[in-house]
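Asker: Dropping a structure here in structure tokens format, bear with me for questions.
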Amino acid sequence: MSITYKKLDPKDFEDSFDANQAFALDVLVGLSETHKSLSSKYLYDSAGSELFTAITKSPDYYPTDCEREILVKYADEIAQQFNGVAFNLVELGAGIGEKTKILLKRFTELDLEFQYVPIDISEGAMIELVSDLKETMPEVETNGLVSEYFNGIKWLNNRNERRNFVLFLGSSIGNFNHAGARTFLRNVWNSLNHEDCLLTGFDLKKDIEALLLAYNDVAGVTAQFNLNLLVRINRELGGTFDLNKFRHYGTYNVFNGAMESFLVSMEDQDVYIETIGRSFSFREWEPIHTEYSYKYLESEVKVLAAETGFRVNKMLFDSRRFFTDSIWTVHKPGA
Ligand SMILES: C[S@@+](CC[C@H](N)C(=O)[O-])C[C@H]1O[C@@H](n2cnc3c(N)ncnc32)[C@H](O)[C@@H]1O
134 MSITYKKLDP KDFEDSFDAN QAFALDVLVG LSETHKSLSS KYLYDSAGSE LFTAITKSPD
194 YYPTDCEREI LVKYADEIAQ QFNGVAFNLV ELGAGIGEKT KILLKRFTEL DLEFQYVPID
254 ISEGAMIELV SDLKETMPEV ETNGLVSEYF NGIKWLNNRN ERRNFVLFLG SSIGNFNHAG
314 ARTFLRNVWN SLNHEDCLLT GFDLKKDIEA LLLAYNDVAG VTAQFNLNLL VRINRELGGT
374 FDLNKFRHYG TYNVFNGAME SFLVSMEDQD VYIETIGRSF SFREWEPIHT EYSYKYLESE
434 VKVLAAETGF RVNKMLFDSR RFFTDSIWTV HKPGA
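Per this note's numbering, numbering of the sequence shown is gapless, rising by one per residue and ending at 468.
The structure is reproduced here in structure tokens:
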């Protein structure tokens, strides 16, 4: 079996331009706002992906263990979705695919006919995933794409007629606010065919203390992960952020139901960014918003499916009901 990955070239998409330019533009826009913000997708350079893996191993970060428990327990039920039909197992934001390997192993044992298409913006994570699969599961045909979610899906759809089973694990859906999640899921719906499936991990609303600990782990790995965004701006855009003058702050917004991460300036300061050619001023205690992690009620998951054209097939829970993997089917009336 072949196990490869392809880095999608901007030329594959007329409307995209150089990734470094896009990063610079997003940083310019985000740091020019009254309430400064940076997109969480930029947290994942190679170092960021490694730090995220370290977070998933922290005893304080429960979502990975919960989802692993679900995938181990329900691998056979999940496999039934496409038993007897050849399909693409497309994974959005695959990272290093640690939990996905549970499904890959079971699908292979059950002799399902599929190719695995992990899609991730982080080339570092993709290299690790692909080389690990070469060694541990050479029988799984793997064609990875280093790309934004939608460029990856578009690229795949132009080349493949198979049914699709899309995985969106790890509660990455929580990085979108509710309007953003609807837009994202509508886009996924639009690029899939009637009866294709989507399995999404949703982190559920729970004791606020458990949430706060998960995003402020005692060992400080989440803080390092968040601060790495400034390291990345320094390296890739010629920034002059002094890491000692910013701190990580993770808090739960009870009104919108989201954990939110910030980098807070510890003093009045100006930071020059060479590629952008200008300085940005920070006041003492001024925050940069870096990440949302929206938490859901079971009922909110079902409403979201209905609003975006999907039918809920199954809601799979861990033993503590901290997390759900929800399996939806694409419903296209008249198809
Ligand atoms: C929270 S991690 C989840 C990783 C893995 N799925 C898991 O469950 O442990 C999010 C992953 O999505 C990737 N990612 C974030 N934004 C992305 C985007 N816009 N397009 C493609 N991948 C993205 C990151 O590089 C990272 O590997």
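Glycine included, C-beta positions come from ideal geometry on N, C-alpha and C. Note that the structure is predicted; figures quoted are calculated from it, not measured.
Quick check: what's the CA-CA separation for residue 308 versus residue 204?
Answerer: Here residue 308 is taken as the residue at index 175 of the sequence shown, counted from 1. Here residue 204 is taken as the residue at index 71 of the sequence shown, counted from 1. Those two C-alpha atoms are separated by around 21 Å.
Asker: When we look at the beta-carbon of residue 151 and count the other beta-carbons within 10 Å, is it buried (16 or more) or exposed?
Answerer: Here residue 151 refers to the residue found at position 18 of the sequence shown. Answer is exposed; the Cβ neighbour count stays below 16.
Asker: Give the DSSP-derived three-state secondary structure of residue 496 in the structure shown.
Answerer: This structure cannot settle anything about residue 496, because the visible part of the chain is limited to 134 through 468.
Asker: Taking just the CA atoms, how far does residue 459 sit from residue 447?
Answerer: Along the sequence shown, one-based indexing puts residue 447 at 314. Along the sequence shown, one-based indexing puts residue 459 at 326. Their Cα atoms are separated by approximately 6 Å.
Asker: Confirm, please, whether the CB-CB distance from residue 367 to residue 358 is below 9 Å.
Answerer: Translated into the one-based positions of the sequence shown, residue 358 becomes position 225. Translated into the one-based positions of the sequence shown, residue 367 becomes position 234. Contact flag unset, no.
Asker: Which of helix, strand or coil does DSSP assign to residue 238?
Answerer: In the sequence shown, the residue the question calls residue 238 occupies position 105. It is helical.
Asker: Please list the terminal residues of the continuous beta strand (DSSP E) segment that includes residue 446.
Answerer: Taking the first residue of the sequence shown as 1, we reach residue 446 at position 313. Its beta strand (DSSP E) spans residues 443 to 450.
Asker: Between the segment 400 to 415 and the segment 295 to 313, do three or more beta carbon pairs fall short of 8 Å?
Answerer: Not touching, per the Cβ criterion.
Asker: Is the beta carbon of residue 452 less than 9 Å from the beta carbon of residue 336?
Answerer: By 1-based counting over the sequence shown, the position of residue 452 is 319. By 1-based counting over the sequence shown, the position of residue 336 is 203. For residue 452 and residue 336, no; Cβs fall outside 9 Å.
Asker: So is the beta-carbon of residue 170 under 8 Å away from any non-hydrogen atom of ligand 1?
Answerer: In the sequence shown, residue 170 corresponds to position 37, counting from 1. No; taking the cut-off as 8 Å, the Cβ of residue 170 has no heavy atom of ligand 1 nearer than that.
Asker: Return the CA-CA distance between residue 190 and residue 280, expressed in angstroms with no decimal places.
Answerer: Along the sequence shown, one-based indexing puts residue 190 at 57. Along the sequence shown, one-based indexing puts residue 280 at 147. Residue 190 and residue 280: Cα-Cα distance of roughly 26 Å.
Asker: If residue 420 sits next to residue 397, beta carbons under 8 Å apart, how far is it from one beta carbon to the other, in whole angstroms?
Answerer: Walking along the sequence shown from the start, residue 420 turns up at place 287. Walking along the sequence shown from the start, residue 397 turns up at place 264. Between residue 397 and residue 420 the Cβ distance is about 5 Å, and since that is below 8 Å, they are a contact.
Asker: Run through DSSP, which three-state label would residue 205 get?
Answerer: Start at 1 with the first residue of the sequence shown, and residue 205 comes out as number 72. Three-state result, residue 205: helix.
Asker: Per DSSP, what kind of secondary structure is residue 149 in: helix, strand or coil?
Answerer: Looking up residue 149 in the sequence shown gives position 16. Unreliable placement is indicated for residue 149, whose pLDDT of 48 sits below 50; no coordinate value is reported for it.
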